[in-house]
Every structure is written in structure tokens, then in C-alpha cells.
Amino acid sequence: MAKQILHITDPHLIGEPGATLHGWRVHDAFETVLADALAFAPNADALVLGGDLVDDASTMGYRRLNERLAPLTMPVLAIAGNHESPDGMARELTSTTVHGRIDLGDWVLTGLNSHRPDSQAGRLGTTQIAALARELADDPRPHALFVHHPGWAIGSAWQDAIGLADRDALAAVVADAPNARALVCGHAHQAGSKSLPGATGFLTASTMRQFKPGATAFTEDHARAPGYRVLTLDSNGHVSSTHRRVAAAWAAFVDAN
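Rendered as C-alpha cells:
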């Protein structure tokens, strides 16, 4: 049977739930998007949180997020972004699998850690890339790979400068593995897709502010609402996807300055 996966990314939560960040009540925006996703796909097989989960990397922020995720009946995979503490995630997000993998029958979901301390850019590193290549070689089932930083140049100069430093090495592994079927990313605060050698790459919008596609310098996109992605993974190894915008999340935008 096909598997349905929710990908929600870049909520930029903070330890104090009522506070705002970049003009957004980020907890309210996240809750609105999550509620829409759970209503749209109530029988989803897994939820993947795609990084930049807690902007201030605070223990309280991760604990509050863990409390919100604990009642969910589906498995949750969480990966680190640049605004993150991977150690804090591993310690506090006890209701999730932090990085690692989730087995879903015919499919495997693999979470990769692209966090680099004190850097907005990401890197997987040779050890993690080699481990991924071994996993793909050892397990012939189709894999959906999740990493915070996009695994390809997205055509926005300022974002590509803070993208995945070793994206070419990741692309080579994906191209060599016929069972690497999807590469799903966040970080860019925008939606998109790209045909990659051997796989399809997907970008998912943030649950708060959006960035303008193709911009040379930092530019917010005030025309598009927060959103999330729904992936359908069928038993033949095919991937299809729907990206949904949540207009109701605009209510969490309180300050344009």
C-alpha cells in the first residue's frame, strides 16, 4: 500500500510560546499549519520535521515541541537545521526519531544531519555521506531522504551561498543509487521541485515567513502563505507530492517591521 508522509519544516519556534520572531507568532503559525496537515491527511504514515525547529535552540523550546508531538500516533522523524542544537534535539525530542531512519514497509525514510556549528550553511561530511551510500547499497527498498539544506543549487544567489556545501557529493550518491527516490529539503522557505539524476528533489515552504524564489539578495515573499508538503510513496517506488498553502496561518503575522 502507498505511504503518505507529511513534511513540515522551518517553524523557528522559540522557548517562550507567546513571543514573536520576524513579525510572526511562530507557535501559532506552526499550530495552524500542523492542524491543517493532520486534517488533510488524518491517516498519514509519518511526519517529518525538516529542521530549524527551535530558532533559539532552547531546552524549553524543544520540550514544548516534544509535548506537542507526544500525542501523535504516527512516527515522527526530526532533523536539524542551522538554527538548532542537534544535542538538544536528541536529548529532549523523545517522541521522535532524531536523524536516523524510519522503516515503513516497502519504504525507508532517512534523516540526515546537515547542521554546522556557527554557520548558516550546511554540510553532511564524508562520514555521513559514506554511511548513506552503504545504507542504500545494503537495503534495496526505495528510500526517501530528508535533509534541511537543499541538495542542489536552487537558483537564488544568497540562499545558494548558505546551502549545502557538499551537495555535489550527496548528488553523486543519489545518482548512483537507483533506490534513492526522493530528496526532501527545507531551509529555503519556499516550495519547489527539481528532477535530479535518479530522484526528485522537493522544497517545502516554512510554517512562517516565505522567501522570494530566484532572488539575488535576501527578499521576503509576502504573496505566499506558510505551507507544508504531502508525499505519497507507492509500492512500486514512485513518488508523488502535493504542496499545500495555509492561508489561515496569516493570522499569526502581526508585524511587518
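Under this note's numbering, think of the first position of the sequence shown as 10, with each following residue one higher.
Glycine included, every Cβ here is placed at the ideal spot set by N, Cα and C.
| Item | Value |
| --- | --- |
| Does the beta-carbon of Ile163, which I'm using as the reference point, lie nearer than 7 Å to any heavy atom of the ligand ATP? | No copy of the ligand ATP occurs in the structure displayed, which carries no ligand at all. |
| In the DSSP assignment, the alpha helix (DSSP H) including Gln137 goes from what residue to what residue? | Thr135 to Asp147 |
| Between Asn188 and the rest of its own chain, which residues show a CB-CB distance below 8 Å, the 5 nearest in sequence each way excluded? | Leu145, Asp148, Pro149, Arg150, Pro151, His152 and Gly246 |
| Where DSSP assigns a beta bridge to Phe211, which residues make up the other side? | Val193 and Ser202 |
| Are Leu43 and Ile17 close, meaning C-beta to C-beta below 8 Å? | yes |
| Look at the alpha carbon of Asp169 and the alpha carbon of Leu56, and state the distance between them as a whole number of angstroms. | 27 Å |
| Nearest to Tyr71 by CA position, among Asn52, Asp37, Asp96 and Val183, is which residue? | Asp96 |
| Please name the residue in Ser128, Leu22 and Leu242 whose C-alpha comes closest to that of Arg77. | Leu22 |
| So which of Asp185, Ala191, Gly109 and Leu141 has the shortest CA-CA distance to Pro159? | Ala191 |
| Where does Arg176 sit, in a helix, a strand or coil, going by DSSP? | helix |
| As a quick exercise: from Lys12, Gly27 and His36, pick the residue whose alpha carbon is nearest that of Pro235. | His36 |
| Excluding sequence positions up to five away, which residues of its chain have a Cβ less than 8 Å from the Cβ of Ala256? | Ala234 |
| Who are the near neighbours of Ile111 in its chain, counting only those whose CB is closer than 7 Å to its CB and skipping five residues on each side? | Ala55, Pro84, Leu86 and Leu118 |
| Exposed or buried, what is His231 when buried is set at 16 or more other beta-carbons lying within 10 Å of its beta-carbon? | exposed |
| Find the nearest neighbour of Phe49 within the set Arg253, Gly90, Gln219 and Ala178, judged by alpha-carbon distance. | Arg253 |
| Would you mind working out which of Gly207, Met98, Ile171 and Ser202 sits nearest Ser128, comparing C-alpha positions? | Ile171 |
| Assuming the contact rule is C-beta atoms closer than 8 Å, Lys12 and Leu242 should be a hit. Round their C-beta distance to whole Å, please. | 4 Å |
| By the 10 Å Cβ neighbour count, where 16 or more other Cβ atoms means buried, how is Arg218 classified, buried or exposed? | buried |
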